[in-house]
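K.L.:
Each residue of the sequence shown is one higher than the one before, counting from 1 in full-length UniProt numbering.
Structure incoming, see below.
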Amino acid sequence: MTKLEDVYIVSAVRTPIASFRGSFKTLTSVDLGVIVAKEAISRAGIKPENVEETITGSVLTANCGQNVSRQIALKSGIPESSNAFTVNKVCSSSLKALILATQSQQLGVRKISLVVGTESMSQTPFYLD
Numbered sequence: 001m002t003k004l005e006d007v008y009i010v011s012a013v014r015t016p017i018a019s020f021r022g023s024f025k026t027l028t029s030v031d032l033g034v035i036v037a038k039e040a041i042s043r044a045g046i047k048p049e050n051v052e053e054t055i056t057g058s059v060l061t062a063n064c065g066q067n068v069s070r071q072i073a074l075k076s077g078i079p080e081s082s083n084a085f086t087v088n089k090v091c092s093s094s095l096k097a098l099i100l101a102t103q104s105q106q107l108g109v110r111k112i113s114l115v116v117g118t119e120s121m122s123q124t125p126f127y128l129d
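Structure (structure tokens):
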């Protein structure tokens, strides 16, 4: 069996916690994802064009357009040639995104991955009965 590559987390960023319909009410989950993606890339000391894959955990994507992960990647300066996909498994979507990125790197498929978790409860449509 081939030896698995070592994987390292070199940057971790999150937005502050805000109240429902509070200070982040005008920001979509994509907007919030871009904020943390750009900062994580900056803190890691890498260039956006070096990111090979963006994997985003996001569940409530109504009104966000298609593939939240691709939108975050492109708005963060990551090239179109990179891969991006969104994980939606309700609970633990972001953790699953991290696991998938780790496995991809362990197998040598990717060297640099960006993992994002994002939601905007204030922007999510709610059904009222």
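The beta carbon of each residue, even a glycine, is placed where N, CA and C say it ideally should be.
Check the DSSP bridge columns for A84 and list the partner residues they point to.
P.N.:
T54
K.L.:
Taking the alpha-carbon positions, what's the T118 to S81 distance?
P.N.:
23 Å
K.L.:
Quick one: give me the first and last residue of the alpha helix (DSSP H) that L98 is part of.
P.N.:
93-106 is the extent of the alpha helix (DSSP H) around L98.
K.L.:
Could you tell me the distance, in whole angstroms, from the CA atom of I46 to the CA atom of S120?
P.N.:
Rounded to whole angstroms, the separation of the alpha carbons of S120 and I46 is 27 Å.
K.L.:
Between which two residues does the beta strand (DSSP E) holding S113 run?
P.N.:
113-117
K.L.:
Would you check if there are 3 or more beta carbon pairs closer than 8 Å linking the stretch 9-20 to the stretch 87-96?
P.N.:
no
K.L.:
Assuming T102 and V7 are in contact, meaning their beta carbons sit under 8 Å apart, how far apart are those beta carbons, in whole angstroms?
P.N.:
5 Å
K.L.:
Considering D31, what are the terminal residues of the alpha helix (DSSP H) in which it resides?
P.N.:
29-44
K.L.:
Starting from the C-beta of Q105, find all residues in its chain whose C-beta is less than 8 Å away, skip the five residues before and the five after it, and write them out in chain order.
P.N.:
E5, V7, K111, S113
K.L.:
Among G33, K3, T2, which has the Cα closest to the Cα of P16?
P.N.:
Scanning G33, K3, T2 for the CA closest to the CA of P16 turns up G33.
K.L.:
Can you give me the Cβ contacts of Q71 inside the same chain, cut-off strictly under 7 Å, excluding the 5 residues immediately before and after it?
P.N.:
V30, G65
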